[in-house]
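Visitor:
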Amino acid sequence: MSTRLEALPHRHVLTLPAEPSAVRIARETAEQALVEWGISLRHPTVNPALLIVSELVTNSVRHAAVVSPKVTVIYAAGPDCIAFAVHDRHPYQPALYGAVTDSGAGGLGTVMELVLGLAGTAVVRADADGGGKSIWITLPL
Numbered sequence: 075m076s077t078r079l080e081a082l083p084h085r086h087v088l089t090l091p092a093e094p095s096a097v098r099i100a101r102e103t104a105e106q107a108l109v110e111w112g113i114s115l116r117h118p119t120v121n122p123a124l125l126i127v128s129e130l131v132t133n134s135v136r137h138a139a140v141v142s143p144k145v146t147v148i149y150a151a152g153p154d155c156i157a158f159a160v161h162d163r164h165p166y167q168p169a170l171y172g173a174v175t176d177s178g179a180g181g182l183g184t185v186m187e188l189v190l191g192l193a194g195t196a197v198v199r200a201d202a203d204g205g206g207k208s209i210w211i212t213l214p215l
């Protein structure tokens, strides 16, 4: 996908405590944003996208909350794609594409199978200070 994230006309940022309730709130916020942006919740990409958001926020809550009391979700969309990122301040950067073949990869393996199945992209971006990261997902519409 050649869409530059900066060029996407729709954006929303949500920061939540890294607690289990963040998963539900992040998913509901995604649904609301998509509807506001004119993207039908019946579009075939939407349900997998919502699952991906849920899994990534769950991973931040489960694995990063000890050092990252907050999780931030960035939602973005354009006419031909949706994109989102989940950010926490834990320095560990998972090998996203390795998760597809690793046994026991759990949620991250599911995320990557969905991303690849939808011809999307995934990337980990480290914070400038190396103390955190964002996992960016882009999916075509």
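In terms of the working numbering, the sequence shown opens at residue 75 and continues consecutively.
Beta carbons are placed, not taken as given, at the ideal position from N, Cα and C, and that holds for glycine.
When the Cα atoms are used, what is the spatial distance from Val120 to Ile99?
Guide: Counting from 1 along the sequence shown, the entry for residue 120 is found at position 46. Counting from 1 along the sequence shown, the entry for residue 99 is found at position 25. Their backbone Cα atoms lie some 16 Å apart in a straight line.
Visitor: For Val189, which of Arg199, Leu88, Glu129 has the nearest alpha-carbon?
Guide: Sequence index remark: in the sequence shown, residue 189 carries index 115 (1-based). When only C-alpha atoms are compared, the closest one is Glu129.
Visitor: Would the beta-carbon of Leu215 fall within 9 Å of that of Ala196?
Guide: Numbered from 1 along the sequence shown, position 141 holds the residue referred to as residue 215. Numbered from 1 along the sequence shown, position 122 holds the residue referred to as residue 196. No, the pair does not count as a contact, with Cβ atoms beyond the cut-off.
Visitor: If Ala200 sits next to Lys144, beta carbons under 8 Å apart, how far is it from one beta carbon to the other, in whole angstroms?
Guide: Numbered from its first residue, the sequence shown carries residue 200 at position 126. Numbered from its first residue, the sequence shown carries residue 144 at position 70. Not confirmed; about 17 Å, so no contact.
Visitor: Can you say whether Tyr166 is buried or exposed, counting buried as having 16 or more other CB atoms within 10 angstroms of its CB?
Guide: Your numbering for residue 166 matches position 92 in the sequence shown. Per the 10 Å Cβ criterion, exposed.
Visitor: Assuming Val127 contacts Val147 (C-beta within less than 8 Å), just tell me the rounded distance between them.
Guide: On the sequence shown, position 53 is the one that residue 127 refers to. On the sequence shown, position 73 is the one that residue 147 refers to. Contact flag correct, Cβ pair sits at about 7 Å.
Visitor: Where does Ala151 land, buried or exposed, given buried means 16+ other C-beta within 10 angstroms?
Guide: Mapped onto the sequence shown, residue 151 falls at position 77. Buried is the call here.
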